[in-house]
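In order, the protein sequences belong to chains L and P. Note that full-length UniProt numbering has the first sequence beginning at 1, numbered continuously upward. Note that full-length UniProt numbering has the second sequence beginning at 1, numbered continuously upward.
Protein chains: 2
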Amino acid sequence: MPATIRDVARASGVHISTVSRTFSAPHLVNPETRVRVLACAEDLGYRPNRAARALITGRTHNIGLIVADIANPFFPPLIKAAEGQARHRDYHVFVADTNEDPVAEEDLVHALAKQVDGVLLCSPRMSNSLIEQVSREVPVVVINRQVAGLPCVMMDVGQGARSAIEHLLGLGHRRIALLGGPRGSWTNREMRRAAAAAARSGGADLTVLGPNQPTETGGGATAEAVRRSGVTAVLAYNDLMALGLIEGLDALGLRVPQDVSVIGVDDIALSRLTRPKLTTVATPTAAAGRTAVDMLLQHDSDAPRGARGRGAAAGDRRTTAQVMLQTVLVVRDSTGPAPEPGRNGAGA
Amino acid sequence: MPATIRDVARASGVHISTVSRTFSAPHLVNPETRVRVLACAEDLGYRPNRAARALITGRTHNIGLIVADIANPFFPPLIKAAEGQARHRDYHVFVADTNEDPVAEEDLVHALAKQVDGVLLCSPRMSNSLIEQVSREVPVVVINRQVAGLPCVMMDVGQGARSAIEHLLGLGHRRIALLGGPRGSWTNREMRRAAAAAARSGGADLTVLGPNQPTETGGGATAEAVRRSGVTAVLAYNDLMALGLIEGLDALGLRVPQDVSVIGVDDIALSRLTRPKLTTVATPTAAAGRTAVDMLLQHDSDAPRGARGRGAAAGDRRTTAQVMLQTVLVVRDSTGPAPEPGRNGAGA
DNA sequence: CGCAGTGGTGCAAAGGTTTGCAGCGAAGAA
DNA sequence: TTCTTCGCTGCAAACCTTTGCACCACTGCG
């Protein structure tokens with residue numbers, strides 16, 4: 001039913017190869033012929049079949065984007081940015097959600113492998129070695145993780161955590177908790193390392209609570225533990241957890257920031273809407289999405305997948321840039337001076 | 001470099017057609033042969049090329065999902081549900097974001113058409129006639145809109161709006177505003193119609209403000225207009241706008257729910273986290289996603305796209321079910337009794 | 001007049017898979 | 001024994017497009 005290149009050829013009285021060229025290399029065909037072909041194509045509603053094209057060119061003009069949880073407001077801006085950048089270059093983005101499950105993640109990347117030209121692995125939960133393995137099957141750019149030998153775009157959450165801790169130190173806090181994120185998260189390790197170092201050099205105690213589900217629920221579930229730990233400030237793995245925690249503390253009768261200061265990470269749109277407005281480490285998610293697409297497409301345009309032999313030994317184009325994007329602490333209303341010792345049941 | 005069906009055939013000493021059958025119709029091949037082939041395939045890391053398969057079967061095993069704004073928390077649950085349901089049936093979901101732009105929407109559906117077996121049009125902004133047109137190019141299921149002759153899954157926002165208005169009437173409100181959503185939204189029209197009817201029969205005034213961008217910003221921008229209108233309660237097009245409005249009213253010194261009651265629509269996760277917690281009309285988004293996938297896949301499995309002629313006249317299998325899912329009002333803290341007349345500057 | 005160059009077009013192979021049909025050997029029936 | 005039947009496998013066409021190569025008719029130059 002849908003018109004093929006052959007129908008157009010028949011209708012316009014030329015060979016199919018001429019029709020093909022009319023679309024993929026217009027400068028090679030006589031202007032008169034071209035307009036005739038285009039007219040017929042328009043007439044028949046012809047649109048090139050991308051699958052067939054992919055089969056022979058080895059490029060699908062699709063890229064896959066695998067995220068841990070599309071419902072986490074951290075991801076949509078990244079997805080939108082990636083989509084926009086991809087669209088500029090006539091690519092489409094295939095978004096898939098793993099529900100924070102490393103196994104689903106692997107399945108998905110395999111399933112995607114053959115129908116995309118490359119995959120963006122965003123905040124992966126699988127092991128580095130697995131990532132290296134799949135990267136042999138399909139070009140990969142990793143977001144929010146450092147993997148040796150692979151192109152990566154990271155956000156400097158280490159710096160962010162340091163700023164956050166220093167902000168808290170400046171407000172007089174000396175007992176601070178870090179709400180850990182999910183197992184397998186690179187961000188989590190980086191934050192932990194940086195926060196521990198900053199706390200130590202500031203003479204403060206850092207209690208690590210976790211791992212936790214990186215959601216409101218996960219954050220809320222730690223409220224009791226936070227209270228028992230007697231800290232006066234908390235740095236959460238992300239904004240969602242921070243908001244959940246604030247809610248949970250509220251239910252326990254602890255107020256933010258009077259009793260406990262809370263800092264999140266990501267600066268999701270929502271963090272400006274809650275009360276109190278959330279102090280948070282803003283991450284450049286849109287920039288990360290754009291950059292990752294650029295890296296994939298560049299890293300990928302030099303060697304069409306189904307390349308017909310003749311290729312250089314393969315492996316020589318390993319530029320594998322790794323870029324680190326800056327984060328910035330945004331101070332809002334969920335942080336305040338440390339409460340007077342003893343006023344709130346720190347040790348109680 | 002990636003192993004093809006031919007490599008596996010060579011390695012296991014059978015014809016490629018046997019390998020093909022091993023994967024697509026295992027019962028047709030001798031168990032011994034099968035295990036040998038599977039072993040070789042495993043060994044070579046062979047995975048069927050979906051593009052090539054699509055070329056001949058006419059089915060890509062992908063479905064497209066077009067949403068207006070992936071950053072709107074209304075969509076992720078729907079997307080996740082659709083993905084889950086699709087995955088069960090060995091389909092993948094291709095998500096694309098139109099940024100609320102009807103033109104981008106049309107482009108996208110055309111671009112997607114050839115690489116998916118069907119498209120889910122979620123909260124479309126384009127005209128009905130355009131939708132009918134694209135539905136001739138690729139099977140379509142429409143979500144959140146009623147289009148004659150096309151399978152649709154809708155949420156009963158009319159009922160929801162009615163409940164919301166009645167809730168407000170019960171609290172004594174008589175001057176109510178409806179914050180309209182974007183132009184072209186079916187939901188918007190339905191809400192408006194139902195809200196107007198409910199208000200009229202309750203003896204209340206309904207002021208319609210809009211259209212507006214269906215975002216926090218869009219909601220916040222109406223705060224001034226809401227104040228000037230002198231209403232004591234507002235029903236917003238969605239939760240995001242409701243939250244933005246609350247924020248905006250706060251900036252004007254009006255408190256929710258003491259001075260103004262606010263109701264949203266969608267019951268996004270976030271509406272439980274804000275203060276005050278939002279009273280809202282909960283929509284069954286996950287169910288909508290699942291249902292839409294089911295309808296598409298059923299409606300679609302009877303006639304493989306590239307069907308080799310012989311087909312019945314085409315158009316006879318128009319079952320075109322249209323399902324309406326129920327909504328329910330969730331009362332939380334953003335609604336309260338109407339303020340005493342005159343206490344708040346209604347007419348001022 | 002001959003020849004090289006050039007712009008436009010056709011030819012056919014290739015890409016990886018599915019599938020209707022035919023063929024083969026063995027088992028069962030007559 | 002001969003004829004079916006049946007389970008399994010091979011053959012080859014088909015899906016739609018791209019692209020290197022060959023071909024043709026001109027043009028312009030020597």
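Every residue gets a Cβ at the ideal spot worked out from N, C-alpha and C, and that includes glycine.
- Closest in C-alpha terms to P:D267, from the list P:Q258, P:V157, P:R275, P:A282, comes P:A282.
- Nearest neighbour of L:P257 by Cα position, chosen from L:R332, L:T291, L:S271, turns out to be L:R332.
- Rounded to whole angstroms, the gap between the alpha carbons of P:T279 and P:G170 is 14 Å.
- L270, R272, L273, T274, R275, P276: these are the residues of the stretch 270-297 of chain L whose beta carbon lies less than 9 Å from some beta carbon of chain P, given in chain order.
- Runs of the beta strand (DSSP E) lying entirely within the stretch 221-294 of chain L and spanning at least 3 residues, in chain order: 233-236, 261-266, 279-282.
- Pairing P:L235 with L:K277, the inter-Cα distance amounts to about 24 Å.
- For P:D43, the three-state secondary structure derived from DSSP is helix.
- With fewer than 16 other CB atoms across the displayed protein chains lying within 10 angstroms of its CB, L:A25 is exposed.
- Judged by DSSP secondary structure, L:T22 falls within the alpha helix (DSSP H) whose first and last residues are 16-24.
- The CB of L:T60 comes closer than 9 Å to the CB of A51, Q115 in chain P, given here in chain order.
- Between P:T187 and P:G180, the C-beta spacing is not below 8 Å.
- Contact between L:G64 and L:A96 is confirmed by a C-beta separation of about 7 Å, below the 8 Å threshold.
- The Cβ atoms of L:G219 and L:A198 do not sit closer than 8 Å to each other.
- P:Q322 has its alpha-carbon roughly 8 Å from the corresponding atom of P:M154.
- Runs of the alpha helix (DSSP H) lying entirely within the stretch 65-89 of chain L and spanning at least 4 residues, in chain order: 75-88.
- Uninterrupted beta strand (DSSP E) stretches at least 3 residues long and entirely within the stretch 115-146 of chain L occur at 119-122, 140-143, given in chain order.
- The beta-carbon distance between L:V8 and L:V37, rounded to whole angstroms, is 6 Å. This is short enough to meet the 8 Å contact definition.
- Put simply, the backbone Cα of L:A41 is about 32 Å away from that of P:Q146.
- In the DSSP assignment, L:Q322 is bridged to L:C152.
- Taking 8 Å as the Cβ-Cβ cut-off, the stretch 96-112 of chain P approaches chain L at A96, D97, N99, H110, A111, L112, given in chain order.
- Of all residues in the UniProt domain "HTH lacI-type" (3-57) of chain L, the ones placed with a Cβ closer than 8 Å to any Cβ belonging to chain P are G45, R47, P48, N49, R50, A51, A52, A54, L55, in chain order.
- Burial is judged here by how many other beta carbons sit within 10 angstroms of a residue's own beta carbon; P:G45 has fewer than 16 and is exposed.
- Three or more Cβ pairs drawn from the stretch 46-62 of chain L and the stretch 49-66 of chain P lie within less than 8 Å of each other, which places the two stretches in contact.
- Taking C-beta separations shorter than 7 Å and ignoring five residues to either side along the sequence, the partners of L:L254 in its chain run R227, V260, following chain order.
- DSSP places L:V208 inside the beta strand (DSSP E), whose first and last residues are 205-209.
- Between P:R10 and P:T22 the beta-carbon gap is near 14 Å, outside 8 Å, which marks them as no contact.
- The continuous alpha helix (DSSP H) containing L:H110 extends over residues 102-113.
- Beta-bridge partners assigned by DSSP to P:A177: P:T207, P:V234.
- Using a 10 angstroms sphere on the CB of L:A86, the tally of other CB atoms reaches 16 or more, which defines it as buried.
- Under the DSSP assignment, L:L329 falls in the beta strand (DSSP E) whose first and last residues are 328-330.
- The alpha-carbon separation between L:P139 and P:H110 amounts to approximately 27 Å.
- Among the CB atoms of chain P, one or more fall inside 8 Å of the CB of L:H92.
- L:E105 has its alpha-carbon roughly 35 Å from the corresponding atom of P:D156.
- Here DSSP, grouped into helix, strand and coil, assigns P:D7 to helix.
- In this structure, L:P337 keeps its C-beta atom at 8 Å or more from the C-beta atom of L:G202.
- When DSSP reads this structure, P:I63 sits in a beta bridge with P:V93.
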